[in-house]
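Structure first, commentary second.
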Amino acid sequence: MFKVVKLIRIQNLSFSYTGRKVLEKINLSVPKGEFLGIIGPVGSGKSTLLLTMNGVIPNLLKGNFHGKVLVDGEDTRNTKVSELSGKIGIVLQDPNSQIFSMRVRDEVAFALENRKLPKEEVRRRIEKYLALFGLHSFINEDPNNLSEGQKQKLAIASTLAMEPEVILLDEPSSSLDFGAAVELYEFLTSLNKQGKTIVVVEHDTEILLEYARRVIVLKDGRIALDGAPKEILSNPKIEKYGLKIPCRLKRM
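Numbering (the working numbering), first residue to last: 57 to 308.
Structure below.
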């Protein structure tokens, strides 16, 4: 019988900081090859949950952390974030918090060079991922001169250039127009079909529900719903959780 590999396993996780509970009793398994969407109202703990998956919480962002997060069976509390970053890449909601280099090419190259990849491989990935997101003509530009949408694309390109096994994205379409968002999700789908594990937090439920294969709904730091998009859309409780679903999707 085929055994599903649990790449990320979260066990009875609760997290709070500054006296406020953010996550409570989260139990979640993300199998290898999953395309998981995370939705929920503002303040439901979506971004916090994402940061537990790559070890930023609790290793860098401290708080009251109870439970376990296991990546390939290893407890993230016992693993350096730098080690996890080779396997789990993350794109933050605000690209300005993720971009530090003075040239676009250097932003993509930074993590690759830190991993001591051959120069030719670094060059190949820079060319590939900048071209993929329509940024090749800006290769020598200062990222500060880019638009917010272009900065978002650069942050995504830099993460994907690492070619991690798992890709975490926090509201990746927030600074993109609809066409660019569709292109991004089509590309994420192609990566998922190649075996990459994709986890996306998204405020735009419409586009996420069309592409994710599984969706969880967070409410007050707890998992309120978990299932295929059609199951989520047909659940009468969905709008009680503060989520507005477009009529077109309700007919899926």
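Glycine included, each C-beta is placed from N, C-alpha and C at the ideal position. Predicted model only: the values in this text are computed from it and were never measured.
Point to revise | Own chain, CB closer than 6 Å to Asn-201, minus 5 neighbours either side, in chain order | key: The residue given as residue 201 occupies position 145 in the sequence shown. For Asn-201, where only same-chain residues beyond five positions count, there are no Cβ hits under 6 Å.
Review point. In whole angstroms, what is the alpha-carbon distance linking Pro-220 and Gly-101?
Key: The count along the sequence shown starts at 1 and reaches residue 220 at position 164. The count along the sequence shown starts at 1 and reaches residue 101 at position 45. Roughly 24 Å separates the two Cα atoms.
Review point. Near Ser-13, what residues of its chain come up, given a Cβ to Cβ distance below 6 Å and the 5 sequence neighbours on each side ignored?
Key: Past the boundaries of the shown model lies residue 13; the chain is included only from 57 to 308, so the question cannot be answered.
Review point. Does DSSP classify Pro-151 as helix, strand or coil?
Key: As a first step, residue 151 must be located in the sequence shown, where it is residue number 95. It is helical.
Review point. What residue does the alpha helix (DSSP H) around Arg-179 start on, and which one ends it?
Key: One-based indexing of the sequence shown puts residue 179 at position 123. Looking at the DSSP string, the run of the alpha helix (DSSP H) that includes Arg-179 is 175 to 188.
Check your understanding: How many Å lie between Gly-75 and Gly-190 at the Cα?
Key -> Mapped onto the sequence shown, residue 75 falls at position 19. Mapped onto the sequence shown, residue 190 falls at position 134. Computed Cα separation, rounded: 44 Å.
Practice item. Report back the beta-carbon spacing between Leu-107 and Arg-65 to the nearest angstrom; my notes put them in contact at under 8 Å. Key: Within the sequence shown, numbered from 1, the residue matching residue 107 stands at position 51. Within the sequence shown, numbered from 1, the residue matching residue 65 stands at position 9. Incorrect: roughly 16 Å between the Cβ atoms, too far for contact.
Review point. For Lys-209, which three-state DSSP category applies?
Key: Position 153 of the sequence shown, counted from the first residue, corresponds to residue 209. It is helical.
Review point. Cβ of Arg-278 versus every heavy atom of the ligand NAP: is any distance shorter than 6 Å?
Key: As far as ligands go, the structure on display features none, and thus does not contain the ligand NAP.
Review point. Helix, strand or coil: which one does DSSP assign to Asp-162?
Key: Taking the sequence shown and counting its residues from 1, the one referred to as residue 162 is at position 106. In this structure, Asp-162 counts as helix in the three-state DSSP scheme.
Review point. Distance, Cα to Cα, Glu-204 vs Leu-216?
Key: Translated into the one-based positions of the sequence shown, residue 204 becomes position 148. Translated into the one-based positions of the sequence shown, residue 216 becomes position 160. The alpha-carbon atoms of Glu-204 and Leu-216 are separated by roughly 18 Å.
**Study point:** Helix, strand or coil at Val-60 [DSSP, three-state]
**Key:** Indexing the sequence shown from 1 puts residue 60 at position 4. Residue placement at Val-60 is flagged as unreliable, the pLDDT there being 48, under the threshold of 50; a coordinate-derived value is accordingly withheld.
Review point. Mapping DSSP to helix, strand and coil, what is Gly-142?
Key: Indexing the sequence shown from 1 puts residue 142 at position 86. Here Gly-142 sits in coil by DSSP.
Practice item. Give the straight-line distance between the Cα atoms of Arg-269 and Ala-284, rounded to the nearest whole angstrom. Key: Numbered from its first residue, the sequence shown carries residue 269 at position 213. Numbered from its first residue, the sequence shown carries residue 284 at position 228. Spanning the two alpha carbons is a distance of roughly 6 Å.
Practice item. Please specify which runs of the alpha helix (DSSP H), each continuous and at least 4 residues long, are wholly inside the segment 61 to 135, giving them in chain order. Key: 102 to 109 and 112 to 115
Check your understanding: Are the beta-carbon atoms belonging to Ile-146 and Asn-110 less than 7 Å from one another?
Key -> The residue given as residue 146 occupies position 90 in the sequence shown. The residue given as residue 110 occupies position 54 in the sequence shown. Result yes, Cβ atoms of Ile-146 and Asn-110 sit closer than 7 Å.
Check your understanding: Under the rule that 16 or more other beta-carbon atoms within 10 Å means buried, what is Leu-224, buried or exposed?
Key -> In the sequence shown, the residue the question calls residue 224 occupies position 168. Buried, because 16 or more other Cβ atoms sit within 10 Å of the Cβ of Leu-224.
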